[in-house]
Structures are given as C-alpha cells and as structure tokens.
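Engineer: Chains as they are written, first to last, in UniProt numbering: chain A, 1 to 230; chain B, 1 to 731.
Below is the structure I would like to discuss, written out as structure tokens.
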Amino acid sequence: MRRSSTRKTGSAVPVNPSSGSSDTYRSASSKAVSKEVERIDNLFYAYADASSGLIDPEGIESFCSDLEVDYTDVRILMLAWKMKAEKQGYFTLEEWRRGLKALHADTISKLKKSLSELEKEVARPTNFSDFYSYSFRYCLTEDKQKCIDIESACELLDLVLGFQFGPQVDKLVEYLKHQRDYKVINMDQWTSFLRFCNEINFPSLDNYDAELAWPLILDNFVEWIRDKQS
Amino acid sequence: MALLNQSVTKLTNILEGLPEMPFSTMEYMLLCTTIYNLFVTKGPPDYSELLYEKYKKSLMDYIESRVLPPLRSKHDEYLLQELVQRWLNYKVMVRWLSRFFHYLDRYFVTRKSLPPVTEAGMTCFRDLVYEEMKGKIKDVVISLIYQEREGRQIDRALLKNVVEIFIQIGFGSRECYEVDFEAPMLQDTAAYYSRKASKWIIEDSCPEYMLKAEERLKQEKDRVDHYLHTSTEQKLLENVEHQLLSVNENQLLEKENSGCLALLRDDKVDDLDLMYRLFSRIPEGLNPVSRLFKQHLTAEGTELVNQAENAASSKRAEKRDAADSPQLVLIRRIIELHDKYMGYVRENFQNHTLLNKALKEAFEVFCNKSVASSSSPEMLASFCDNVLKKGGSEKKLSDEEIDRTLDKAIKLLSYINDKDLFAEFSRKKLGRRLLFDRYGNEDHERSILTYLKQQCGAQFTSKMEGMVTDITLSKEIQSCFEDYLHANPHAYPGTDLSVNVLTTGFWPSYKSSDLTLPDEMIKCIEAFKKFYDSSTKNRRLTWIYSLGTCNINAKFDAKSIELTVATYQAAVLLLFNSADRLSYAEIKAQLNLTDDDMVRVLHSLSCARYKILKKTPTTDTVSPNDVFEFNSRFTDRMRRIKVPLPPVDESKKLIEDVNKDRRYAVDAYVVRIMKSRKVLGHQELVLECIQQLSRMFKPDVKLIKQRIEDLITREFLERDEEDTSVYKYIA
C-alpha cells in the first residue's frame, strides 16, 4: 500500500512572499494557483478517511454519487488513469492532485463537466492503448500478481472495449467463459485482445492467421467461432 | 584465248562423259604457260583481270549450260541424284580450272583483295545453283525422311551426300545447313511427331506408346548417325522428346488402365523401367511420375491400414501384442511394401532423388496412422518386441533373417513422427524382456540397438544400452551373492533368491506399491541387502515387487505342482498357508495392495485358466465382497505351471510421460534458440524449433506456441514493443 508523504494539515501550500511590483503578477497567479490547490486538497479531505489519509472505497463511492456517476462506470477508471492511481479502490493525495490539476477541476461541478473531455482524450489512439494497458495493471491488486481471473477480465473487457468493439467483446467474453484451458489472463494476452479488435476483420475473421504470433488463446477463440459458423 | 576456250570445252566434255582425250601433260603445261605469259605481260589490257573474269565466266557458262538445265528438269530423288552428280563434277571443274589459273592466286587476288580462285568458283555455284534450288532440294530431302519414318527404305548414302552439300556450301560456317535445311527439317519433324502423338495417345496403351516412342527416338538417333550432321542430334532428339513425351505426358501417365498407376498396381516392372528411362530425358519429366508413384504408394499403404483397422474392430479385444494381431500383421505388411518399392526406386528408378522423396512422403502419410487406438510407434515397438522375444513370432527364422527383419523395421522408424514415443515403448518392452528372461538372443538385442543408433543417434539408445549392460552386471552380482551365501551359510534366508540390480536412470519408471511381504520374502530381502551393502558403498536399493516372480510349491490333493507366479500372486497365495478362507477385505488389509492390483491378482488366481483359488460367488469378475478359498482339488497334468498375471496397460501413462518430456524439450530448445539469436520472429522461431526437434518428434505448432507463452510469463522471453510478432531473449 502506497502512502503519500503529505501530512494531514489543512494549511495551504507555501506561497512565494511577494517582493516588489515585478512579482505582483506572479504572486497574483500563484495566489490563484494556491487557491486552486487549496480547493483540490479540501475536496480530497472531504472524501478521505481520517485515519489512513487516503480516499478508500467508501470515500470513492460517495465521491461517485456526488459526481452522479456509477462507481463501476468506465469514466471513473479513466479518472484513475489520469491520476495514475496505483491501487484499485484508493486514491492518494498526490494522485488526486495530479488528476484534478490536469483536468483543471477543483470542484465537483467542474469535475463533472471535465468528464466528457476526458473521454475524448482517452479515445485518442495513442492514449487509448496506454489506458487499456493501465486498466489491466490497475486490477492487479496483490503484490506480484501477474494475471487476473477470467470473470474479472470479462468485466474489464466489457467496460473498457465494450463501447468501441461491442460485437468482438461479446463474442470474446462468451468464449472466455465457455473455455476451460485458461483460468487467468496475463498481460500479454490482454494486450493482444486490443490488437485483435484493431487489426482483425470482424465477424469475417478472414485476415486472421494462426501461424503468426497471436497468443494461443486467440487461436482457440477464432477456431471456436469458425466451428460455430460452419 | 582460243586455247583457253578450247581447254574449257575439253574439260567440260570430259566431265560430261563425252568422248574426249584426257589432258596430256603437254597440253596442260602449254595451258599454264599461256596463262602465265598473259599474266606477266605488262601493259593494257591487264590480262590478270581479264583472266579472272574469264575464269568466272567460264564457270558461270558451264553452270548455265550444263548444270542448271538438268537440275531444273528433275524431281524428287532424281533431282537429288542429279544435284550430287553435278556438284561433284563442278568441284572437279573448279579444281582443274583453278589449277590453270593458279598463278592468279599468287599476286592478283591478294592485290585486289578478291576471293581466291577456288572460293570464287564455289561461290558461283552457290549463287547460281544453290540459291535457286535450295528450297526444292530441302523439300525433297524432307519428304524422303518422311518416307523413311513411315517405314520405307530410302537411299541413305544419297541423302548423306546432299547434306554434305548443305554443309560445304557454307564455306566453314554451318549457317546454310542450319537455316536452309535443319530448321525446316526440325519444324517438319515437330509436325510429324505431333500428329503421331495425337494418334497414339488415343489408340495406344501407355506401354505401347512408350515402346513406340523409344523406338522412334532410336531411329532418329540412327538417322543422325547416318546422314545428318552430329550437331543436329541434340536438337532433333529434344524436338522429338518434346512432341512425344512432354506434350502428352500427363495424359499418358494418367491413362486409366495402362498408365503409371496401373503399371504400379500390376507390378509391370519392365514398363516402369521404360517409363523412367523415357521421362528422365525431358526436363521435369519425372515430376508427374513421382507424383503418381507417391499417390499409388499412399493409397496402398492407407489400404493396409484400413484393412488392419477393420480386422481390429471385428475381432474381439485380443491382446495387442499377439503375433497375429492386426497391428503386427500391418507392420509386417508395411515392411514388405517398403522392400518392394524401395527395390523399384533403386533398380528401376536409379535411386533418383525425386522418386526417393515421393516414397518417403508417401510412407510418412500412412506410417503415422494408428489402428484401434494403438499408435504407429507402439505398433512398431510391439513388432520388434515380438521378433526379439523368446518364442516370438519369428522363431522359425534364422539369425540372419531376424537381423534383417530388425534392420528393415528400424528403417520404418524414419517415417514415423513420434520417435520419442517409440523409444519409450521400446524401453518398456525391453525392460520386460530382460527382467522376465524373455529375450531370445543377446546379440539381437545389441544389433537392434545398433540400428537404432544409426537412425537416431546415440542419445536415443544410451539408456537401453545401459539396461542390457545392467542385466549382464546383475548376473555377476548374483554369482557373487551366491558365493557369499556359500561362504556364510547362516546368512541363507531359507529360500533361494536371485536379484536383478537395475540402475534407476536407465530403466523406465516402475510403480511399486507398499506390499506387505510375507516373512519368507522379508528374510530374503534382508539377506541380500546385507550382502549388497557390504560390497558397495553409498547405494540405495528400492525394491520393485511388481516385477518379481516366484516359484511356489503347492500341495494339492492330487499332487504337488510347482507354480510360477508373480510376487503379488505369491504374496496372496502364501496367506492361505495360515488361513483356509479369506475375504477380499482381509486380503487387502494384510497385503496393502490397491484395489486395481487386488482385482488383477485375484482374477488371475481364481477366474482365469488355472483356478488355484476358489471364489465365492463363482462369477467371472472379482468384487470386494468375494471370499476366496484355497482350491485343494485343483490339478493339472503338468508338474509345473505358470500362472500369468496380465500386466497393467501403462500405455496411457507412458504417453503422458512422453508429452511431459516434450514440453521440457520444446522449452529447452526455444530458450536455446533465442539465447543464440537474441531476437527472432515468431514464424522463424517455430520453424527452427520444429527442425531441431524433428529427430525425436514432430512438435505440434500449438504446443510450441503454448510453451513460448509460458516462457514469456516466466520472463525468459518478451515480445518486441514495436512488432508483436518478434521475440526478444531476456538475459
């Protein structure tokens, strides 16, 4: 569990002591900055657990209800990504600051508005693959855990790819639940799912070549689909 | 001048065969001197030029008056004859005249850069006669050739002379011959044989056609030897080969009742020989032949497999290893098939690579099929086992024949993919042969190992060789043990014991249960242990009771009979020394055997051929509620009987073990390959892996992929970020 090193004081971030007129602007903007930071911090403490100094799952739940977003919504995951949050279900102050600062949101309403922008940002291809990988890592809750179980993987797939690649995800989830060879999904396989959706024609699957380096689980998936089709 | 004209006329007349006196020496000298004088006379007119022109004109006149008219009027053969005659005459003419005018060559010709007189003379002939008549002549020659091809006799000498003309008229180059004669002749040949081929292909069977083709090719070669120029040979033969062989090859070979497949079916060796001879002449000619050869072989082999499959399913479940089981019969037949067609390849097809390859590929197809759940490596191993064991199927064969059979059987191994499976089955069966003293002849055991080593390398056979050596060593240990007992009579355990000491690494892994031994046996074990510990250091003995045998003296009412049984069976029987009736549960409790073993052992003693124990109820199968009693009323006419204990079918486990080994092997090779190449694409890695493992087995591509993924998880390899089909070695 990673703890941030901030103290639990409510005092503001130190401000540059203004000295002379040349610093007026700076001090004014830094004053604005410090105000923003203060509001972000205050928002944090509104949800944080007093003893741990982190926002824990309960805090997140109330945060989400204030945002009027379900806590299982993909946008929360996106938010976590923006924050580069390390542990699922918890936000540290640093992460919180990072995320909200990047979104220029220091109140709930601003945050609400920024969500649609965030969605667009994530949808950009370069960001999306990063987000996609992040989402897998985010689910590795135990130390040294390298894989996630099938059930969770299916849920995650639906959450993260369901909007963009609905038919593929549906079929893949159906297959993953049906097959018996694999009980967990590792990072390599996870990454390949996105590649599959991006590169392979669906539902024809005509450009899929099992001789190439696709993971075996996808070879089996394609075979399963083809068997069903015939 | 007049003299000159006279002489020319005289010459002409001579040549024409008109009555004329041959030139006398005087006349000749006079002529030459005259010309000489004319030549050296200086001043206009320049007689040299005149003389040269005169020379040429004389010849041209001669041609016009004497040569061309007869030629123009003749046809066919007569034309040729005339031509030859005229040509010869003309040459004589030129020779004489050039003698007369010889002096011109010395100075005039070189000074004026004119062709020398002889050449000038011949050129006249070429320009006036040859150029006009060449077409006609060529046509006549070609039509004569046609007639000869159709079987009529023609005047070959005449043709030879005519062809000579074509050659000589080129003055050193063969261009005239090639352009004016050879090319049209080849074209005509092509048309001729094309017609023949079209006719024959419909009317004749494949062998008939081939015979005709061979005959024609011989004829054409003959033709060249007799009257064509040698340079024509290759072009002509290629031409004919193309028309007769290339064009119709596929149609010919695929003829329903007489084509390649039919010939193979009917073992028409001579025709096949001919086929090879003919088609090896044309480029890629053997491709269809090998294709059909492969097709035939594959069909034959697959048919054998199907027959075996049918036989196996119609017979009731008999022992797989029985000498006449369908599986073993199949192996024997496949060996015969191999011999037969290998013979063809060697003798009739001159060991040609294409046909060798076809045979190999065909065998690879059906040598990997299984029959009634026995895989081909298992069948082959059973076959070899049968040959090697005492009282096996081949007992009637001589040592040499056995050796040859083994050699042939091992050759089949090269077509089988799962060689490692064969090795394991062989090892298992070897173990049984060695331990139950069922091997016929140690020499044969050694020779099969030699053949295997040749085929598959030393690694393949090292364990089995160790096993054979172990048995020899065991015999020594046994005799030391007996000496020891002799020397220490108090150590004698009460029962004779012989022990085979096996080195664990060489032998297959054997399950052994925690059998509770009867006391008699315990004593034996301890005696040996003491002996062995005293004579060796740091060795641990693990006893495998499932492989032991025991001779028991059983006192029945009628008479005593010595029973040869397995250790398990002995353990059960000895219990009845202290109890008359025992239930299944009691036996099990006392011996600590598994249910599977219990059923097997009790069945062999109570429900099989020799009912040593009486079972209640007297059903055919053993159940946990049964009760057993010593059958004192048992008897047999023999004094010694063997009560067999059928072995457990361990083939499933064996296959599992081999699969496990394969996983390790693939892992090891993938890592080794990646370590040396550092970065490698997926497909190359897979190919490399398959190739390196091919000596032992044919790895499934899926297996390789699976192992690669496992190695990625274990962080031996990783995928390249840019190109996901490339792997990198993680040092």
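Where is the CB? At the ideal position from N, CA and C, for every residue including glycine.
By alpha-carbon positions, which one of B:Asp-636, B:Tyr-484, B:Glu-164 and B:Val-648 ends up nearest to B:Ala-558?
Structural biologist: Numbered from its first residue, the second sequence carries residue 558 of chain B at position 558. The shortest Cα separation from B:Ala-558 among B:Asp-636, B:Tyr-484, B:Glu-164 and B:Val-648 belongs to B:Asp-636.
Engineer: Tell me the DSSP secondary structure of B:Ser-73 in three-state form.
Structural biologist: One-based indexing of the second sequence puts residue 73 of chain B at position 73. DSSP places B:Ser-73 in helix when its eight states are reduced to three.
Engineer: Kindly confirm or deny that the stretch 409-429 of chain B and the stretch 381-388 of chain B touch, where touching means at least three C-beta pairs closer than 8 Å.
Structural biologist: Because the criterion of three Cβ pairs below 8 Å is met, the stretch 409-429 of chain B and the stretch 381-388 of chain B touch.
Engineer: With 16 as the cutoff for other CB atoms within 10 Å, does B:Cys-124 come out buried or exposed?
Structural biologist: Your numbering for residue 124 of chain B matches position 124 in the second sequence. Counting Cβ neighbours within 10 Å, B:Cys-124 comes out buried, since at least 16 surround it.
Engineer: If we count the other Cβ atoms within 10 Å of its Cβ and call it buried at 16 or more, is B:Asp-294 buried or exposed?
Structural biologist: Position 294 of the second sequence, counting from 1, holds the residue named residue 294 of chain B. A quick correction: the sequence has Lys, not Asp, at residue 294 of chain B. Buried, since its Cβ has 16 or more Cβ neighbours within 10 Å.
Engineer: Identify whether A:Asp-158 lies in helix, strand or coil by the three-state DSSP scheme.
Structural biologist: To locate residue 158 of chain A, count along the first sequence from 1; it is residue 158. If DSSP states are grouped into helix, strand and coil, A:Asp-158 belongs with the helices.
Engineer: Can you pull the chain A neighbours of B:Ser-725, defined as C-beta to C-beta under 7 Å?
Structural biologist: Within the second sequence, numbered from 1, the residue matching residue 725 of chain B stands at position 725. Neighbours of B:Ser-725 on chain A, chain order: Leu-212 and Ala-213.
Engineer: Mark A:Phe-163 as exposed unless 16 or more other C-beta atoms lie within 10 angstroms of its C-beta, in which case mark it buried.
Structural biologist: Within the first sequence, numbered from 1, the residue matching residue 163 of chain A stands at position 163. When all chains shown are included, A:Phe-163 counts as exposed.
Engineer: Would the C-beta of B:Lys-10 count as close to the ligand GTP, meaning under 7 Å from any of its heavy atoms?
Structural biologist: The ligand GTP is absent from the structure shown, which contains no ligand whatsoever.
Engineer: If contact means a Cβ-Cβ distance below 7 Å, which residues of the stretch 183-206 of chain A contact chain B?
Structural biologist: So the list reads Asn-186, Asp-188 and Arg-195, given in the order they occur along the chain.
Engineer: Who are A:Asp-149's beta bridge partners in DSSP?
Structural biologist: By one-based count along the first sequence, residue 149 of chain A stands at place 149. DSSP lists A:Val-184 as partners of A:Asp-149.
Engineer: For B:Ala-213, which residues from the same chain have a beta carbon less than 7 Å from its beta carbon, with the 5 sequence-adjacent residues on both sides left out?
Structural biologist: Taking the first residue of the second sequence as 1, we reach residue 213 of chain B at position 213. Excluding residues within five positions, the ones whose Cβ falls inside 7 Å are Leu-244, Leu-245 and Leu-278.
Engineer: Taking Cβ-Cβ distances below 9 Å as the criterion, which residues of the stretch 115-149 of chain A are in contact with chain B?
Structural biologist: Against chain B - using a Cβ distance shorter than 9 Å - the residues of the stretch 115-149 of chain A are Lys-146 and Cys-147.
Engineer: Please list, in chain order, all residues of the same chain as B:Glu-650 whose beta carbon is under 8 Å from its beta carbon, the five residues on each side excluded.
Structural biologist: Taking the first residue of the second sequence as position 1, residue 650 of chain B is located at position 650. Cβ within range, chain order: Lys-428.
Engineer: Assign A:Ala-32 to one of three DSSP states: helix, strand, or coil.
Structural biologist: Here residue 32 of chain A is taken as the residue at index 32 of the first sequence, counted from 1. Helix at A:Ala-32.
Engineer: Would you mind sorting B:Gln-327 into buried or exposed? The rule is 16 or more other CB atoms within 10 Å of its CB.
Structural biologist: Walking along the second sequence from the start, residue 327 of chain B turns up at place 327. By the 10 Å Cβ count, B:Gln-327 comes out buried.
Engineer: So, are the CB atoms of B:Pro-493 and B:Leu-421 less than 8 Å apart?
Structural biologist: Within the second sequence, the letter at position 493 stands for residue 493 of chain B. Within the second sequence, the letter at position 421 stands for residue 421 of chain B. For B:Pro-493 and B:Leu-421, no; Cβs fall outside 8 Å.
Engineer: Give the secondary structure of A:Ser-4 by DSSP, where H, G and I count as helix, E and B as strand, and everything else as coil.
Structural biologist: Taking the first residue of the first sequence as position 1, residue 4 of chain A is located at position 4. Low confidence applies here, because A:Ser-4 scores a pLDDT of 48, under 50, leaving its location unreliable and the question unanswered by this model.
Engineer: Compare the beta carbon distance of B:Arg-640 and B:Glu-562 with 8 Å and say whether it is the shorter of the two.
Structural biologist: Counting from 1 along the second sequence, the entry for residue 640 of chain B is found at position 640. Counting from 1 along the second sequence, the entry for residue 562 of chain B is found at position 562. Closer than 8 Å, so yes.
Engineer: Given that A:Leu-216 touches chain B, what residues does it touch there, using C-beta distances under 7 Å?
Structural biologist: Here the question's residue 216 of chain A lines up with position 216 in the first sequence. Ordered by position in chain B, the residues that pass the 7 Å Cβ test against A:Leu-216 are Lys-702, Lys-705, Gln-706 and Glu-709.
Engineer: In chain order, what residues of the same chain have a beta carbon less than 8 Å from the beta carbon of A:Asp-66, not counting five sequence neighbours either side?
Structural biologist: Within the first sequence, residue 66 of chain A is the residue found at index 66, counting from 1. If we look at A:Asp-66 and ignore the five residues flanking it on each side, its Cβ neighbours are Ile-108.
Engineer: Starting from B:His-682, find everything on chain A with Cβ-Cβ shorter than 7 Å and list it in chain order.
Structural biologist: For the purposes of this step, residue 682 of chain B is taken as the residue at position 682 of the second sequence. Residues of chain A passing the Cβ test: Leu-212 and Ala-213.
Engineer: Measure the alpha-carbon distance for A:Ser-55 versus B:Ile-712 and round it to whole angstroms.
Structural biologist: The residue you call residue 55 of chain A lines up with position 55 of the first sequence. The residue you call residue 712 of chain B lines up with position 712 of the second sequence. In the sequence under discussion, the amino acid at residue 55 of chain A is Ile, which differs from the Ser named in the question. The straight-line gap from Cα to Cα measures roughly 36 Å.
Engineer: Would you mind telling me which residues of chain A sit closer than 7 Å to B:Arg-719, beta carbon to beta carbon, in chain order?
Structural biologist: Indexing the second sequence from 1 puts residue 719 of chain B at position 719. The answer, in chain order, is Asp-188.
Engineer: Taking the beta strand (DSSP E) that B:Gly-681 falls in, what are its first and last residues?
Structural biologist: By one-based count along the second sequence, residue 681 of chain B stands at place 681. From DSSP, the beta strand (DSSP E) with B:Gly-681 extends over 679-681.
Engineer: At 7 Å on the CB atoms, spell out the chain A contacts of residue 733 of chain B, in chain order.
Structural biologist: Outside the displayed span of chain B (1 to 731) sits residue 733 of chain B, for which this structure offers no information.
Engineer: Under a three-way DSSP split, which group does B:Lys-559 fall into?
Structural biologist: In the second sequence, the residue the question calls residue 559 of chain B occupies position 559. Three-state result, B:Lys-559: coil.
Engineer: Among B:Gln-683, B:Thr-619, B:His-444 and B:Ser-374, which residue has its Cα nearest to the Cα of B:Asp-418?
Structural biologist: Translated into the one-based positions of the second sequence, residue 418 of chain B becomes position 418. Minimum Cα distance to B:Asp-418 is reached at B:Ser-374.
Engineer: Between the stretch 717-730 of chain B and the stretch 690-705 of chain B, do three or more beta carbon pairs fall short of 8 Å?
Structural biologist: Because the criterion of three Cβ pairs below 8 Å is not met, the stretch 717-730 of chain B and the stretch 690-705 of chain B do not touch.
Engineer: DSSP state of A:Thr-9, grouped into three classes?
Structural biologist: Position 9 of the first sequence, counted from the start, is the residue given in the question as residue 9 of chain A. Legend: pLDDT at A:Thr-9 = 48, less than 50; position of this residue unreliable, no value from coordinates given.
Engineer: Do you know whose CA, among B:Leu-80, B:Pro-69, B:Ile-552 and B:Leu-71, lies nearest B:Arg-156's CA?
Structural biologist: Translated into the one-based positions of the second sequence, residue 156 of chain B becomes position 156. Of the listed residues, the one whose Cα sits closest to B:Arg-156 is B:Leu-80.
Engineer: Which one of A:Ser-192, A:Arg-180 and A:Asp-106 has the shortest CA to CA distance from A:Asp-149?
Structural biologist: Translated into positions along the first sequence, residue 149 of chain A becomes position 149. Minimum Cα distance to A:Asp-149 is reached at A:Arg-180.
Engineer: Reducing DSSP to helix, strand and coil, say where B:Asn-553 ends up.
Structural biologist: The residue labelled residue 553 of chain B in the question sits at position 553 within the second sequence. Strand.
Engineer: Could you give the C-beta distance for B:Tyr-510 and B:Ser-546, rounded to a whole number, given that I count them as a contact under 8 Å?
Structural biologist: In the second sequence, counting from the first residue as 1, residue 510 of chain B sits at position 510. In the second sequence, counting from the first residue as 1, residue 546 of chain B sits at position 546. Right, the Cβ-Cβ distance comes to about 6 Å (below 8 Å), so this counts as a contact.
Engineer: DSSP state of A:Ile-217, grouped into three classes?
Structural biologist: As a first step, residue 217 of chain A must be located in the first sequence, where it is residue number 217. Looking at A:Ile-217 - three-state DSSP - the assignment turns out to be helix.
Engineer: Short of 6 Å in beta carbon distance, which residues of its chain neighbour B:Leu-158, apart from the five on each side in sequence? Order them along the chain.
Structural biologist: If you number the second sequence from 1, residue 158 of chain B lands on position 158. Result list for B:Leu-158: Leu-80, in chain order.
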